[in-house]
Amino acid sequence: MKIYIAGHRGMVGGAILRQLEAQGGHELVTRTHADLDLTDQAAVQAFFAQERPDQVILAAAKVGGIHANNTYPAEFIYKNLMMECNVIHAAYETGVTRLLQLGSSCIYPKLAEQPMREDALLTGTLEPTNEPYAIAKIAGIKLSESYNRQYGTDFRSVMPTNLYGPGDNFHPENSHVVPALIRRFHEAKTNGADEVVIWGTGTPYREFLHVDDMAEASLFVMGLDQNTYAANTEPMLSHINVGTGRDVTIAELAQTIAQVVGFDGAVSFDPTKPDGTPRKLMDVGRLAAMGWQAKIGLQEGLEDAYRWYLNNAPG
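Just so we're aligned, residue 5 is where the sequence shown starts under the working numbering, counting upward by one.
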């Protein structure tokens, strides 16, 4: 099996690549951004025509936290739409037998009933802070479904909850909440600070999934036979949630990270900063019914993420 992994240098793509390498028996194809710009349609079409992969895992994306989404909304919607359109269309044109594209839980309405089921999609207003990114990811689902319906392709979509772990982005401004907090608590401990102030009230609930669990779930869904996948989804509601089915408050998360890092100062909150969505918990019943559930607990996963940061993160 010749498998192209788009975004293999990212956190999720890297985890998927590691697991496929461990499995063995596949010809794995990768390209860096310098080698292949996925927003360049002609370049993507030429790459697919040359390589002719059997399967594609689309893990490439322009991602970031609240600050990044608010600062670069045009980049978030444009780049993600272009990558999805180019890769999915080229996969169809070159006869790719199966494609898996990764999305995000932000596709669901801001005030969606909790936990969020797959059928909550397009039932309400999105969270404004990441609406451009969410629109692009919804488009990816609908692209896949539309090609399946019109051309009989086997293009699948998985929607992870908040991910963290080895390979994460620890940039002080453009990172998600877990790596941002790991870095801030680590720097506070290193600098002898007596307090860490966190954006928002600390009351929103979030669900966190270790990236190794996400990689395992992605390959599980990719490996399902077509009948099993079709029996558990619908042609126009085909995406699958991936998460733990459990959530914690940002305040609880912060205290856990402080403990993992070894910061023993005060933890406070700045309510003048945005909270984002009040709660984002995935209903993972569809995936559980197919036979997969998360294995890595939050404390264990955060310890692993901190070890990786100490060994790999710059600065």
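Glycine included, every Cβ here is placed at the ideal spot set by N, Cα and C.
May I have the straight-line CA-CA distance separating residue 235 from residue 157, to the nearest angstrom?
The residue you call residue 235 lines up with position 231 of the sequence shown. The residue you call residue 157 lines up with position 153 of the sequence shown. Near 16 Å, if we compare the C-alpha coordinates of residue 157 and residue 235.
Beta strand (DSSP E) runs contained entirely in the region 83-149, provided each spans 3 or more residues:
102-106
Cβ-based burial, residue 141 [other Cβ within 10 Å; buried from 16]
For the purposes of this step, residue 141 is taken as residue 137 along the sequence shown, with counting starting at 1. Residue 141 is buried by the Cβ-count criterion.
Just tell me which of 98, 67 and 38 has its CA closest to the CA of residue 175.
Taking the sequence shown and counting its residues from 1, the one referred to as residue 175 is at position 171. Comparing Cα positions, the closest option is 67.
Identify, in the order they occur along the chain, each residue of the same chain with its Cβ nearer than 8 Å to the Cβ of residue 219, setting aside the five sequence neighbours on each side.
Within the sequence shown, numbered from 1, the residue matching residue 219 stands at position 215. Taken in chain order, the residues that qualify are 16, 19, 20, 22 and 23.
By Cβ distance below 8 Å, which residues in the same chain neighbour residue 239 in space, the five residues on each side in sequence not counted?
Numbered from its first residue, the sequence shown carries residue 239 at position 235. Counting only residues of its own chain and dropping the five nearest sequence neighbours on each side, residue 239 has a CB closer than 8 Å to the CB of 149, 152 and 153.
Does the count of Cβ pairs from the region 182-201 and the region 127-142 closer than 8 Å reach three?
no
Measure the CB-CB distance between residue 241 and residue 123 and report whether it falls below 7 Å.
To locate residue 241, count along the sequence shown from 1; it is residue 237. To locate residue 123, count along the sequence shown from 1; it is residue 119. It is a contact, given that the beta carbons lie within the stated cut-off.
May I ask you to report which of helix, strand or coil DSSP gives residue 326?
The structure shown does not extend to residue 326, since the chain is modelled only from 5 to 319, so the question has no answer here.
N-terminal and C-terminal residue of the alpha helix (DSSP H) that residue 185 is part of:
Translated into the one-based positions of the sequence shown, residue 185 becomes position 181. Looking at the DSSP string, the run of the alpha helix (DSSP H) that includes residue 185 is 181-195.
Assuming contact is defined by CB atoms lying nearer than 7 Å, are residue 210 and residue 284 in contact in what I supplied?
Counting from one through the sequence shown, the residue named residue 210 turns up at place 206. Counting from one through the sequence shown, the residue named residue 284 turns up at place 280. Yes, the pair counts as a contact, with Cβ atoms nearer than the cut-off.
6 Å Cβ shell around residue 198 - same chain, five flanking residues per side excluded:
In the sequence shown, the residue the question calls residue 198 occupies position 194. Only 269 meet the Cβ criterion.
With 16 other CB atoms within 10 Å as the buried threshold, where does residue 166 fall?
Within the sequence shown, the letter at position 162 stands for residue 166. By the 10 Å Cβ count, residue 166 comes out buried.
Limits of the alpha helix (DSSP H) - the one that residue 20 falls within
Locating residue 20 in the sequence shown gives position 16, where the first residue counts as 1. Note, residue 20: alpha helix (DSSP H), 15-27.
Can you confirm whether the region 48-64 touches the region 98-111 when touching is taken to mean that 3 or more C-beta pairs between the two stretches lie within less than 8 Å?
yes
Using a Cβ distance threshold of 8 Å, determine whether the region 296-307 contacts the region 250-264, with at least three qualifying pairs required.
yes
Identify the continuous alpha helix (DSSP H) that holds residue 259 and give its terminal residues.
For the purposes of this step, residue 259 is taken as residue 255 along the sequence shown, with counting starting at 1. In the DSSP annotation of this structure, the continuous segment of the alpha helix (DSSP H) that includes residue 259 starts and ends at 254-265.
Backbone CA spacing between residue 52 and residue 172 [nearest angstrom]
In the sequence shown, residue 52 corresponds to position 48, counting from 1. In the sequence shown, residue 172 corresponds to position 168, counting from 1. Cα to Cα, the separation comes out at about 28 Å.
Can you pull the DSSP bridge partners for residue 241?
To locate residue 241, count along the sequence shown from 1; it is residue 237. Answer is 238, bridged to residue 241.
Start and end residues, alpha helix (DSSP H) containing residue 70:
Residue 70 sits at position 66 when you count from the first residue of the sequence shown. Looking at the DSSP string, the run of the alpha helix (DSSP H) that includes residue 70 is 70-75.
On the premise that residue 215 lies in contact with residue 169, defined as a C-beta separation below 8 Å, what is that separation, rounded to the nearest angstrom?
To locate residue 169, count along the sequence shown from 1; it is residue 165. To locate residue 215, count along the sequence shown from 1; it is residue 211. Residue 169 to residue 215, Cβ: 4 Å. Contact.
Inter-residue CB distance, residue 221 and residue 296 (contact presumed, cutoff 8 Å):
For the purposes of this step, residue 221 is identified with residue 217 of the sequence shown, where counting begins at 1. For the purposes of this step, residue 296 is identified with residue 292 of the sequence shown, where counting begins at 1. The Cβ separation is near 6 Å, so the contact holds.
Evaluate residue 243 with the Cβ neighbour count: other Cβ atoms within 10 Å of its Cβ, from every protein chain shown; 16 or more gives buried, anything less gives exposed.
As a working note, residue 243 is residue 239 in the sequence shown. With 16 or more Cβ atoms within 10 Å of its Cβ, residue 243 is classed as buried.
Closest Cα partner of residue 200 within the set 258, 227, 228 and 207:
Residue 200 sits at position 196 when you count from the first residue of the sequence shown. Minimum Cα distance to residue 200 is reached at 258.
Report the rounded CA-to-CA distance for residue 12 versus residue 39, giving the unit in angstroms.
Counting from 1 along the sequence shown, the entry for residue 12 is found at position 8. Counting from 1 along the sequence shown, the entry for residue 39 is found at position 35. Looking at the two C-alpha atoms, the distance is approximately 13 Å.
For residue 214, list the residues DSSP reports as bridge partners.
As a first step, residue 214 is located in the sequence shown; it is residue number 210 there, counting from the start. Residue 214 pairs with 168.
By how many angstroms is the C-alpha of residue 177 removed from the C-alpha of residue 71?
For the purposes of this step, residue 71 is taken as the residue at position 67 of the sequence shown. For the purposes of this step, residue 177 is taken as the residue at position 173 of the sequence shown. Approximately 7 Å between the Cα atoms of the pair.
For residue 126, count neighbouring Cβ atoms within 10 angstroms of its own Cβ and tell me buried if that reaches 16, exposed if not.
Counted from its first residue, the sequence shown places residue 126 at position 122. Its Cβ having fewer than 16 others within 10 Å, residue 126 is exposed.
Residues in the same chain with beta-carbon distance under 8 Å from residue 73, minus the five sequence neighbours each way, listed in chain order, please.
Translated into positions along the sequence shown, residue 73 becomes position 69. Result list for residue 73: 80, 133, 134, 136 and 137, in chain order.
Roughly how many angstroms separate the alpha carbons of residue 232 and residue 274, rounded to a whole number?
The sequence position of residue 232 within the sequence shown is 228, counting from 1. The sequence position of residue 274 within the sequence shown is 270, counting from 1. Computed Cα separation, rounded: 47 Å.
Would you mind giving the Cβ-Cβ distance between residue 119 and residue 287, rounded to the nearest angstrom? I have them listed as a contact below 8 Å.
For this step, residue 119 is matched to residue 115 along the sequence shown. For this step, residue 287 is matched to residue 283 along the sequence shown. Confirmed, about 4 Å.
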